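J.:
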Amino acid sequence: MSDSGAPSALVDGPQTGFSMNKNGARTEPREQQAVYDIMRATGNDWATDIPDVCRGRWHGIECMPDKDNVYHVVSLMFGALSDDTAFPTCDPVRSYISHSITKLPHIRTLFFYRCFSYNPQPIPAFLGQLGPILQTLVLRENGHVGPIPSELGNLTRLKVLDLHKNNLNGSIPISLGRITGLRSLDLSSNKLTVPSSLGTCHSLIKIDFSHNRLTGPILDSIDGLKELTLMDLSYNRLSGPFPISIKNLNSLQALILKGNPMISTTIPIDGFDGMANLMILILSNMNLQGPIPESLGKLPNIRVLHLDGNYFNGSIPLNFKDLKHLSELRLNDNQLNGPLPFGREMVRVASTANRAGGSKVWEVKFGMHTNCLLRRKLLIYGEKGCMPDCDIGLDKIHSGVTCLTTSSLVFSSLCIHVTYA
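Numbering-wise (the UniProt record's numbering), the sequence shown opens with residue 1 and increments by one.
1) Taking L247 and L283 to be in contact with their CB atoms under 8 Å, please state how far apart those CB atoms are, rounded to whole angstroms.
2) Go through its chain and collect everything with a Cβ distance to R30's Cβ below 8 Å, but skip five positions before and after it.
3) Run the CB neighbour count on R303, radius 10 Å, all protein chains shown included, and call it buried at 16 or more, exposed below.
4) Tell me the rounded alpha-carbon separation between T229 and N301.
5) Just curious, the alpha helix (DSSP H) that V53 is in, first and last residue?
6) Measuring only the C-alpha atoms, how far is C201 from I179?
7) When you compare only the Cα positions, how much space is there between R213 and D84?
8) How should Q335 be labelled, buried or exposed, when 16 other C-beta atoms within 10 angstroms of its C-beta is the threshold for buried?
9) Which value, in whole angstroms, describes the spacing of the CA atoms of L10 and H106?
10) For K377, does the three-state DSSP call read helix, strand or coil?
11) Out of curiosity, what's the CA-to-CA distance linking G79 and G128?
12) Rounded to whole angstroms, what's the CA-CA distance from N337 to T156? Just pull it up for me.
13) By Cβ distance below 6 Å, which residues in the same chain neighbour N236 in space, the five residues on each side in sequence not counted?
14) Between the C-alpha atoms of K298 and P217, what's the straight-line distance to the nearest angstrom?
15) From P120 to H144, what does the alpha carbon distance come to, in whole angstroms?
16) Terminal residues of the continuous alpha helix (DSSP H) containing M64?
17) Using DSSP bridges, identify the partner residues of D186.
18) Can you give the Cα-Cα distance for L281 and N287, rounded to whole angstroms?
19) Give the single residue among L137, R40 and P147 whose Cα lies nearest to the Cα of S100.
20) Between the beta-carbon of I172 and the beta-carbon of I148, is there less than 9 Å?
21) Is the CB-CB distance between L161 and L185 below 9 Å?
22) So, is A34 buried or exposed, given that buried needs 16 or more other C-beta atoms within 10 angstroms?
23) So who's on the other strand from A86, going by DSSP bridges?
24) Quick check on I174: buried or exposed, where buried means 16 or more other Cβ atoms within 10 Å of its Cβ?
25) Of the residues S203, G309 and P88, which one's Cα is nearest the Cα of I61?
26) Note down the Cα distance separating L374 from G309, rounded to an integer number of angstroms.
27) Along the chain, where does the beta strand (DSSP E) containing I123 start, and where does it finish?
28) Applying the criterion that 16 or more other CB atoms from any shown protein chain within 10 Å of the CB defines a buried residue, is G170 buried or exposed?
29) Got a sec? Which residues, its chain only, sit under 7 Å from R114 by beta carbon, not counting five neighbours each side?
30) Where does P51 land, buried or exposed, given buried means 16+ other C-beta within 10 angstroms?
31) May I ask you to list the residues that DSSP assigns as paired with R213?
32) Find out if the Cβ-Cβ distance for the pair C90, F116 is shorter than 9 Å.
33) Please return the same chain residues whose Cβ sits closer than 6 Å to the Cβ of I256, not counting the five positions on each side in sequence.
34) Judging by CA-CA distance, which residue of P195, N154, F242 and V74 is the nearest neighbour of Q32?
As structure tokens, then:
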């Protein structure tokens, strides 16, 4: 600590341990006592027998020296992620987050994984006191209860906030919008009910609010998130209208909205114009209706497209045949009819020895992607009079002996699922 009371500047890279040298390198005494308190609070009393915690070399603590060669704790991690990544585990019955964390003036990373599952407790508001320094806060699968404390909005240097799979409820605090440098925000698998505007967090590249209870429309303020590459809002209770601001997210690569009951909602015809980087789009089971917008056929890099479980009607846009990178397309459980816009070069014959009469099976393929699998496979059974032309219409599809017509088959069970051969 400098004479002014501000944390001393640290030098060098992170150290998981060090050896005493002729200059007497050591852990700052007050920080050492704070670490003892934190370790005791998680059931790791063994650590109090270590005379210098930055020399203890246990996996889960990192230290860095200042210009006076005094070492400071910059990272503490708890929880067994895997056999290869075993941070100190927590006593599941009596563990808690010690207030002594606020006595670590250089702490940059806090990580607690499955630490308080049998001793449910709120996220402590005092973590907001780490605002000037903390950059990563991960509290995953800890059984935390209650609301997200608004004090977390004081963590203005935070880059990563991960509260995945707890029992948090209430609204997403407006105060999180003050963390303007936030890069990744994961609040998935909780019981949060009210979304919040994060339009001021212009640095966000990942938002995951999936598996919550969020209600209301998707806020148009998201159009300020120009660096966002992944947004997962699936399995909530979000309603329409379909946000026109989504097409302004030019950096977006993955958009997952499945499982939101947007009753009687249509997608604007230009709803995805300009989204040149989009590779994954999941819109399953959303009660979407109307025609499939042609803007989907203009996504040059789309690889995975799920539109199943909706009320889309009309025909598949003809420009879908231009989706050269598409590797998975699901259209089952809709009300579609008309031609399949896939040319002869995208069709191949597969053997069907198990079929009575030796019927041929036609499979759609996309370039090098073959094995067009459906829920019941995209199998187009062809005999004389049922062979595909340049465009395959539903009136060309044969099942058993009789050719089905558009009036008797409306893609109610169609699912195209293309994988590499």
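Idealized CB from N, CA, C, for every residue including glycine.
All values reported here derive from a predicted model rather than from experimental measurement.
T.: Looking at the atomic coordinates:
1) This sequence places Lys at residue 247; Leu is not what is there. By a beta-carbon distance limit of 8 Å, K247 does not contact L283. Their separation comes to about 14 Å.
2) So the qualifying residues of the chain are K103.
3) Around the C-beta of R303, 16 or more other C-beta atoms lie within 10 Å, and the residue is accordingly described as buried.
4) Those two C-alpha atoms are separated by around 14 Å.
5) Looking at the DSSP string, V53 is not in any alpha helix (DSSP H), and its letter there is neither H nor E.
6) C-alpha separation (whole angstroms): 6 Å.
7) Going by C-alpha positions, R213 is about 35 Å away from D84.
8) With fewer than 16 Cβ atoms within 10 Å of its Cβ, Q335 is classed as exposed.
9) When rounded, the distance between both Cα atoms is 9 Å.
10) Note that K377 scores 30 on pLDDT, short of 50, meaning its location in the model is unreliable and no value can be drawn from it.
11) Take the alpha-carbon of G79 and the one of G128: they are about 22 Å apart.
12) Here the alpha carbons of T156 and N337 stand approximately 53 Å from one another.
13) Closer than 6 Å at Cβ, skipping near neighbours: N212, L214 and N260.
14) About 26 Å.
15) Those two C-alpha atoms are separated by around 6 Å.
16) From DSSP, M64 is part of no alpha helix (DSSP H) but of the beta strand (DSSP E) over I61 to P65.
17) Per DSSP, the beta bridge partners of D186 are D162 and D208.
18) Each residue's Cα considered, the two are about 16 Å apart.
19) Ranking L137, R40 and P147 by Cα distance to S100 puts R40 first.
20) In this structure, I148 lies closer than 9 Å to I172 by Cβ.
21) Contact: yes.
22) It is buried - the Cβ of A34 has at least 16 other Cβ atoms within 10 Å.
23) A80, per the DSSP bridge assignment.
24) Result: exposed.
25) When the alpha-carbon of I61 is set against those of S203, G309 and P88, the nearest one is in P88.
26) Interpretation of L374 is limited by its pLDDT of 32, a score under 50 that renders its predicted location unreliable; the figure taken from the coordinates is listed afterwards. Rounded to whole angstroms, the gap between the alpha carbons of L374 and G309 is 14 Å.
27) Counting along the chain, I123 sits inside no beta strand (DSSP E), nor does DSSP assign it H or E at all.
28) G170 is exposed by the Cβ-count criterion.
29) Beyond the five residues adjoining it in sequence on each side, R114 comes within less than 7 Å, by CB distance, of G79, E141 and N142 in the same chain, given in chain order.
30) By the neighbour-count rule (16 or more Cβ atoms within 10 Å), P51 is not buried but exposed.
31) According to DSSP, which records beta bridges pairwise, R213 is partnered with nothing at all.
32) It is a contact, given that the beta carbons lie within the stated cut-off.
33) So the list reads D232, S234 and I282, once near-sequence residues are dropped.
34) The option with the nearest alpha carbon to Q32 is V74.
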